[in-house]
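Following: one structure in structure tokens, then a few remarks.
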Amino acid sequence: MMSMRRHFLIFLQLVICVHSIVLNGTYPGENDSFISALVEEYRSLCPYTETCYFEANHMDLPQYSLATKSCCEECFCSDSCGNACCPDRLNARLSEDELARRKHERCVYPQFRDFRWRSSNAESSYIMISRCPYEYQDVNGTRMKCERDYRDFDFNDSFEMFLPRSSLHSKILPGSYFNYTVTYKNGHCAVCHGAAHAFILWRTMIACLNPLPDFVFNNPKDISRFVESDPDCNVIFEFPKEYNVDPVSCVLRIDKCNMTGNWRDYDPYVEEACLSYESVYNGKYNTNIKYKNVHCFMCNGYEKAEIDDTCYWSDSMVISKPVPYTALLFFMAKEEMTKDYSETPSNDESNGDYSETSSNGETYSDNNEAPSDGDARCSSKSVYDQFMVINLIALYISLFCL
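Next up, the structure:
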């Protein structure tokens, strides 16, 4: 009996050793001085959180119990982890363009009325580019229009420029690739980032906690009147479901340096580290404030000596959000085509062409080729609306069946 127990313990020890060798092996960016320094510092500041290639020894956790946890939450290792990767999952440092883009991103609820727990809200909040580059030469108040909240929209402006929009990209990794989106809070943010032709426009939805009221939307100006008429209703924006990719969702938290205004000494290393990976940090006594990672905590007014490596589980209940009734919003009267936004973007993606807009969620450009005889394509001044086509087909079928 003792012999069997001894052999079992030896086997268990071998399994643990093999597991440690697998986890504590090399990692993709170890030859990059920034990434290797970042990984070592993370392991020092968050010793009880496992990463993709390093195991945390929970047995060393002081006064380890079911009530104790690491202050740094888990990070992710999949090819599609995006902005939520562990520090040792990074293959290379972020490019200058990527760093600049992340500095201008915010976690945004795509809805007209501000988020409230007991109200109608969008399904999630999403990472959106919500600010113009610092060097952008402003024209026609584009910067102000980009950065204002949805509730502050001027309904004398073009409604399409109010809508969120996304562009589709592919990222190649060793042995694989994946598609992802870059989303702009509105058309003005896309313009000042040189992405005026980001064609995936989000759809406008109405959402209410109670069955939807009878309300006719003649034009976008009715949105404000609709929201004011019922405090439980909202207008939300939804990414089209037919694309085989989802916009990047997020949780509202401090994810950039000096969002608190309390950062004392600028350190470019800490700022890049804050933007580079995700392992949500929640200090022992700051239960209502979460940071994207421990480096974002440091660059918002805290020193290393103030970092806690162990925290207690919260005993507060998470209140679930109510699920609203929703419907796709159509306007009875369409906006006429306009040429409001002919300014050129601030980077090399500009081609000088103006883009025309209308309220039906489509963008037009003056560089479309005119269709030739027998060409089944839409003309440069019209748009193929697949939902209108489907509705017309359904109407014809119903009339035929009658």
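Quick note, the sequence shown lines up with residues -20 to -1, 1 to 382 if you use mature numbering (1 follows the signal peptide of the UniProt record, and there is no 0).
Just so you know, even glycine gets a beta-carbon here, dropped at the ideal spot from N, CA and C.
Which residues does DSSP list as the beta-bridge partners of residue i?
| i | result |
| --- | --- |
| residue 181 | 145 |
| residue 161 | 148 |
| residue 52 | 261 |
| residue 87 | 107 |
| residue 218 | 183 |
| residue 175 | Answer by DSSP bridge pairing: none, since residue 175 is not bridged. |
| residue 308 | 185 |
| residue 230 | 105 |
| residue 254 | Looking at the DSSP assignment, residue 254 forms no beta bridge with any residue, so it has no partner. |
| residue 240 | According to DSSP, residue 240 bridges with nothing at all. |
| residue 122 | The partner list for residue 122 (beta bridge, DSSP) is empty, contrary to what the question assumes. |
| residue 291 | 49 |
| residue 114 | Paired residue(s): none; residue 114 is not in a bridge. |
| residue 271 | 234, 261 |
| residue 65 | 56 |
| residue 213 | 188 |
Leaving out five residues on either side along the sequence, give the residues of the same chain with a beta carbon under 6 Å from the beta carbon of residue i.
| i | result |
| --- | --- |
| residue 320 | Because the pLDDT at residue 320 is just 45, under 50, the model does not fix this residue reliably, and the value given afterwards should be weighed accordingly. Only 138 meet the Cβ criterion. |
| residue 177 | none |
| residue 111 | 84, 127 |
| residue 18 | 67, 253 |
| residue 60 | 158 |
| residue 245 | none |
| residue 275 | 250, 253, 254 |
| residue 278 | 250 |
| residue 14 | 73 |
Am I right that residue i and residue j are in contact with their C-beta atoms under 8 Å? What's the rounded C-beta distance?
| i | j | result |
| --- | --- | --- |
| residue 122 | residue 168 | 5 Å |
| residue 87 | residue 232 | 5 Å |
| residue 131 | residue 180 | Not quite, the Cβ-Cβ distance comes to about 23 Å (not below 8 Å), so this is no contact. |
| residue 257 | residue 25 | In fact, because the Cβ distance is near 12 Å, the residues do not count as touching under 8 Å. |
| residue 108 | residue 165 | 4 Å |
| residue 7 | residue 33 | 4 Å |
Kindly list the residues whose CB is nearer than 8 Å to the CB of residue i, restricted to its own chain and excluding five residues on each side of it in sequence; keep chain order.
| i | result |
| --- | --- |
| residue 262 | 51, 53, 269, 270, 271, 291 |
| residue 185 | 215, 216, 217, 218, 306, 307, 308, 309 |
| residue 2 | Residue confidence is low: residue 2 scores 42 on pLDDT, short of 50, so the model does not pin down where it sits. No coordinate-derived value is stated. |
| residue 149 | 159, 160, 161, 162 |
| residue -12 | Because residue -12 carries a pLDDT of 47, less than 50, the predicted location of this residue cannot be relied on, and the following value inherits that uncertainty. Counting only Cβ-Cβ distances below 8 Å, and skipping sequence neighbours, we find nothing. |
| residue 16 | 9, 10 |
| residue 328 | Low confidence applies here, because residue 328 scores a pLDDT of 38, under 50, leaving its location unreliable; read the following figure in that light. Closer than 8 Å at the Cβ level, and outside the excluded window around residue 328, lie 174. |
| residue 23 | 31, 34 |
Leaving out five residues on either side along the sequence, give the residues of the same chain with a beta carbon under 7 Å from the beta carbon of residue i.
| i | result |
| --- | --- |
| residue 12 | 72, 73 |
| residue 100 | 187, 188, 189, 212, 213, 214, 304 |
| residue 227 | 106, 146, 161, 163, 219 |
| residue 182 | 90, 143, 144, 145, 217, 218, 219 |
| residue 94 | 131 |
| residue 92 | 130, 131, 203, 207, 214, 215 |
| residue 341 | Note that residue 341 has pLDDT 34, beneath the 50 cutoff, so the model's placement of it is unreliable and no number is given. |
| residue 191 | 305 |
| residue 331 | With a pLDDT of 36 at residue 331, under the threshold of 50, the predicted position of this residue should be treated as unreliable, and no value is reported. |
| residue 349 | Residue placement at residue 349 cannot be trusted, given a pLDDT of 33 that sits under 50; what the coordinates show is reported in the next sentence. Answer for residue 349: no residue qualifies. |
Take residue i as the anchor and find which of the options has the nearest alpha-carbon.
| i | options | result |
| --- | --- | --- |
| residue 124 | 172, 27, 151 | 172 |
| residue 284 | 8, 10, 21 | 21 |
| residue 201 | 133, 108, 183 | 133 |
| residue 243 | 235, 207, 199, 280 | 280 |
| residue 193 | 210, 104, 59, 203 | 210 |
| residue 170 | 81, 55, 277 | 81 |
| residue 238 | 248, 33, 230 | 248 |
| residue 76 | 251, 275, 117, 59 | 251 |
| residue 103 | 205, 136, 229 | 229 |
| residue 118 | 135, 64, 136, 174 | 174 |
| residue 225 | 62, 16, 36 | 62 |
| residue 57 | 274, 37, 30 | 30 |
| residue 273 | 246, 236, 245 | 236 |
| residue 259 | 191, 64, 221, 114 | 64 |
| residue 205 | 234, 114, 135 | 135 |
| residue 113 | 140, 141, 96, 78 | 78 |
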